[in-house]
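Take a look at the structure set out below.
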Amino acid sequence: MSLPASRKRGRKYLNTIPTDEAGFGKMIPILREYMNNKAENTPKKTLGPFKTDLSVYSTPPASGLRITWVGHSSILIEIDGKRILTDPVWSERVSFSQSFGPKRFFQPPIALENLPPLDAVIQSHDHYDHLDKATIKFFADKNIPFFCSIGVAQYLTRWGMAANFITEMDWGDSAMIGNGIVLTATPSRHFSGRGIVGRNETLWSSFVIKGPQHNIYFGADSGYSPEFKAIGEAFGPFDLTMLEIGAYGKFWPDIHMGPDNASNAHLDLKGKLMMPIHYGTFNLAPHAWYEPIEWLTAMANQKHIDLFVPKPGEPTEVKGACNSDWWKEYLS
């Protein structure tokens with residue numbers, strides 16, 4: 041089954057199906073909801089600190105697949121002899137300014153300068169909580185291959201990265217990471233833009249990461265769509281799906297999934313283990329900070345889904361179901 045390449049109308053990229061992107065017309069009801077919101081959006085207890093045991097990286101994972109969840113959508117993936125970092129965000133706030141905007145609940149458990157050697161970085165799209173200027177500037181002179189959606193390279197080069205280390209990818213494009221790892225960009229249902237102008241002028245993607253022994257899926261940001269079933273048919277089954285469960289709201293049901301739809305997407309993808317991402321790190325929606333993972337746990341039980349929920353910063357081998365329940369000690 042072939043997957044569609046991206047389409048544009050004028051300068052704007054389009055989703056594969058009609059999508060309400062919660063644009064300016066919804067700003068007033070969204071603001072009103074935030075003003076009247078009484079949920080615990082930000083933890084009352086400080087989360088962490090979480091610390092990564094760096095000595096773990098001196099030994100390859102026995103299973104061939106090990107995951108370190110740095111937070112939100114930043115994941116250090118060790119797969120079949122390669123190390124890949126997704127959507128790295130180390131800044132204090134995900135905003136155009138570090139003076140205000142969503143602030144992280146816990147500090148990154150591993151400092152940028154302490155990361156083990158990387159073989160690649162994946163940039164799914166240009167939103168502030170996925171594409172972080174300060175973090176990119178750190179990587180700019182490190183000569184690490186970056187793989188990104190079409191249009192995102194303009195930011196990378198603007199912030200100091202050499203163009204020959206950047207590969208822009210359309211949906212359906214594949215590229216090699218070293219020898220043996222095939223990276224394929226696949227559709228997601230989302231939008232792009234870092235300001236009032238330029239909305240949807242760069243592409244957003246999910247990614248299939250296939251090695252000699254393991255096949256995994258990084259969903260990045262996406263609302264629910266028929267493309268999950270198509271990706272599952274074309275590239276599945278997956279040993280691990282990494283799917284966003286947080287930042288959902290009633291005024292933007294098409295561009296984020298929430299736990300119910302994310303678990304349905306996992307089943308569509310023919311996933312064996314589901315790893316929740318995009319939760320528990322920033323206040324980006326009206327729901328309580330812990331609600332997505334609590335809800336997902338219930339959903340997984342109902343749908344007989346095996347979860348992979350590592351503690352932030354803890355390198356964890358992917359050998360079977362794993363739920364650290366890390367968030368529970370911080371509940372009020």
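The letter at position 136 of the sequence shown is residue 176 when you use this note's numbering, and the numbering goes up by one with no holes.
Glycine included, C-beta positions come from ideal geometry on N, C-alpha and C.
Could you give the C-beta distance for residue i and residue j, rounded to a whole number, given that I count them as a contact under 8 Å?
i, j, result
"P142", "S135", "6 Å"
"I162", "P350", "About 19 Å; that fails the 8 Å criterion."
"S46", "L324", "Wrong, their Cβ atoms sit about 25 Å apart, outside the cutoff."
"K250", "G276", "That pair is no contact at about 11 Å."
"T82", "F179", "At roughly 29 Å, the Cβ-Cβ gap does not stay under 8 Å, so T82 and F179 are not in contact."
"H306", "H112", "With a Cβ gap of about 19 Å, H306 and H112 do not count as contacting."
"G259", "T224", "Their Cβ separation, rounded to whole angstroms, is 13 Å, which puts G259 and T224 out of contact at 8 Å."
"Y370", "K85", "5 Å"
"A62", "F322", "Rounded, the Cβ-Cβ distance is 17 Å, inconsistent with contact."
So the beta strand (DSSP E) residue i belongs to, where does it begin and stop?
i, result
"G311", "G311 to I317"
"R49", "R47 to R49"
"K85", "Premise fails: K85 is in no beta strand (DSSP E) and is neither H nor E."
"I124", "K122 to T126"
"M209", "I206 to M209"
"K52", "K52 to L54"
"T242", "Looking at the DSSP string, T242 is not in any beta strand (DSSP E), and its letter there is neither H nor E."
"M282", "F278 to E284"
"V349", "D346 to V349"
"S189", "F186 to S189"
"W255", "The sequence given here has Asn at residue 255, not Trp. It spans N255 to F258 - the beta strand (DSSP E) in which N255 sits, taken as one unbroken run."
From this set, the options, which residue's C-alpha is nearest residue i's C-alpha?
i, options, result
"F231", "V248, I176 and G263", "G263"
"S42", "D213, T82 and L158", "D213"
"M339", "S372, A302 and H167", "A302"
"T391", "L309, G200, S228 and P185", "Outside the shown range of the chain, which is 41 to 372, sits residue 391, and nothing can be said about it."
"S156", "I124, I256 and D261", "Just to set this straight, residue 156 is Pro in the shown sequence, not Ser. Residue I124 is the option with its Cα nearest to P156."
"D279", "Y257, P299, K269 and G289", "Y257"
"S229", "H167, F179, H296 and V237", "Reading off the sequence shown, one finds Arg at residue 229, where the question assumed Ser. Closest option to R229, Cα to Cα, is H296."
"Q253", "K48, K122 and D93", "K122"
"L94", "W366, T356, T59 and P293", "T356"
"I285", "A260, C362, P316 and D308", "P316"
"I119", "N255, N81, A305 and D294", "N255"
"S131", "T224, H318 and I176", "I176"
"N240", "D346, H165 and Y288", "H165"
"T337", "N363, A274 and N154", "N363"
"L347", "K359, G200 and I221", "K359"
"K78", "T321, H327, N304 and K85", "H327"
"I271", "E354, E73, P227 and K173", "P227"
"W211", "A102, F247 and D300", "F247"
"I333", "A287, G353 and P293", "A287"
"D159", "I117, L283 and Q147", "I117"
"R133", "Y53, R72 and D169", "D169"
"S137", "E153, K173 and S103", "K173"
"A274", "S245, N304, D261 and D308", "D308"
Taking the beta carbon of residue i as the centre, do at least 16 other beta carbons fall within 10 Å, making it buried, or is it exposed?
i, result
"H344", "exposed"
"G216", "Sequence check: residue 216 is Met here, not Gly. Burial call: exposed."
"R51", "exposed"
"R198", "exposed"
"N55", "buried"
"P352", "buried"
"E331", "buried"
"I57", "exposed"
"P69", "exposed"
"E267", "buried"
"N193", "The sequence shown places Ala at residue 193, rather than the Asn named in the question. Result: buried."
"S114", "buried"
Over what stretch of residues does the alpha helix (DSSP H) that includes residue i continue unbroken?
i, result
"N304", "G298 to D308"
"G272", "E267 to F275"
"T337", "E331 to K343"
"T197", "A193 to R198"
"K250", "Note, K250: premise wrong, no alpha helix (DSSP H); beta strand (DSSP E) at S246 to K250."
"A160", "Not the alpha helix (DSSP H): A160 falls in the beta strand (DSSP E), residues A160 to Q163."
"T175", "K173 to F179"
What residues are listed by DSSP as bridge partners for residue i?
i, result
"A215", "L223"
"G111", "S114"
"V134", "Bridge partners of V134: none, in fact."
"E357", "R106"
"S364", "Answer is none; S364 lacks a bridge partner."
"I119", "L105 and K122"
"K182", "DSSP lists no partner for K182."
"K290", "Paired residues: none, contrary to the question."
"K143", "R133"
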